[in-house]
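First up is the structure itself, then whatever we jot down about it.
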Amino acid sequence: MIIDPASLSAEQSYKLLTGMIVPRPIAWVTSLSEAGIINLAPFSAFTFLAPKPPMLGISIGHKAGVYKDTSRNILTREEFVVHVADVSQIDAVHQSAIEYPSDISEVDEIGLETTASEEISVPRLVVAPVAMECRFRTCLEFGETRSRLIVGEVIKFHIRPGLLRDGKIDTHMLNPIARVAGPVYASLGEMIVKPAIKQTPKQ
């Protein structure tokens, strides 16, 4: 089958892409509104962009011409926290995708505990095995839907004790959630280990 993207609506294209590009890691993001409300939302168009300094990229869309609270909060305060959730937190991650009014905190509705960050004003989730305090660096808009690519620099890593071994994350122990399509999630499942290939140093 051959499909011309020009023949698809934004919604049709989104469903096609999110069904193909799988599994996707989930950025579980806390941000702070101008009124001081803690917003929490998951985003699965997410990756790291550079290692030094560490930079993350999150694509945030909008619906009915209105940008999501997370996008507005980040552009206003220029701070946010990206968490990596494990499989035990899948219900909370899914519930945080509900579109609550801007004056309602998902953190309060779900009943999650937060704690102060080290470098920024945005709180982080206690329950998450990994949290990355970020400062906003740039925003790029793409496509007819004007999706925003938010780029942030990680200024502090918070890692659950026992996850870090010889400078590397124990992925089995992290046991992260991945997004497939729609309300479908995945765990790591079987991991296949191949012989290491010699790589040129990053610097």
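Residue numbers for the sequence shown, in numbering that gives the first Met the number 0: 0 to 202.
Idealized CB from N, CA, C, for every residue including glycine.
Asked: In whole angstroms, give me the CA-to-CA distance for Leu148 and Leu16.; Found: 17 Å
Asked: Should Met172 go down as buried or exposed, given a rule of 16 or more other Cβ atoms within 10 Å for buried?; Found: exposed
Asked: Is Arg134 helix, strand or coil by DSSP?; Found: strand
Asked: Name the DSSP beta bridge partners of Val150, please?; Found: Gly56, Thr137
Asked: Secondary structure at Asn72, three-state DSSP: helix, strand or coil?; Found: helix
Asked: Looking only at C-alpha atoms, which of Thr69, Pro200, Met190 sits nearest to Ala26?; Found: Thr69
Asked: Spatial neighbours of Phe156 within its chain, please: CB distance less than 7 Å, with the 5 preceding and 5 following residues excluded, ordered by chain position.; Found: Met131
Asked: Glu105 to Tyr99, Cα distance in whole Å?; Found: 7 Å
Asked: If you reduce the DSSP assignment to three classes, tell me which class Val125 lands in.; Found: coil
Asked: If you run the structure through DSSP and keep just helix, strand and coil, what is Lys155?; Found: strand
Asked: Which value, in whole angstroms, describes the spacing of the CA atoms of Glu78 and Pro22?; Found: 27 Å
Asked: Is it buried or exposed, Lys197, if we count other Cβ atoms within 10 angstroms and call 16 or more buried?; Found: exposed
Asked: Any beta carbon of chain B sitting closer than 8 Å to that of Ala40?; Found: Absent from the structure: chain B. Only one protein chain is present.
Asked: Thinking C-alpha only, which one of Leu39, Leu31, Pro194, Val150 is nearest Val92?; Found: Leu39
Asked: Is Ser30 helix, strand or coil when you go by DSSP?; Found: strand
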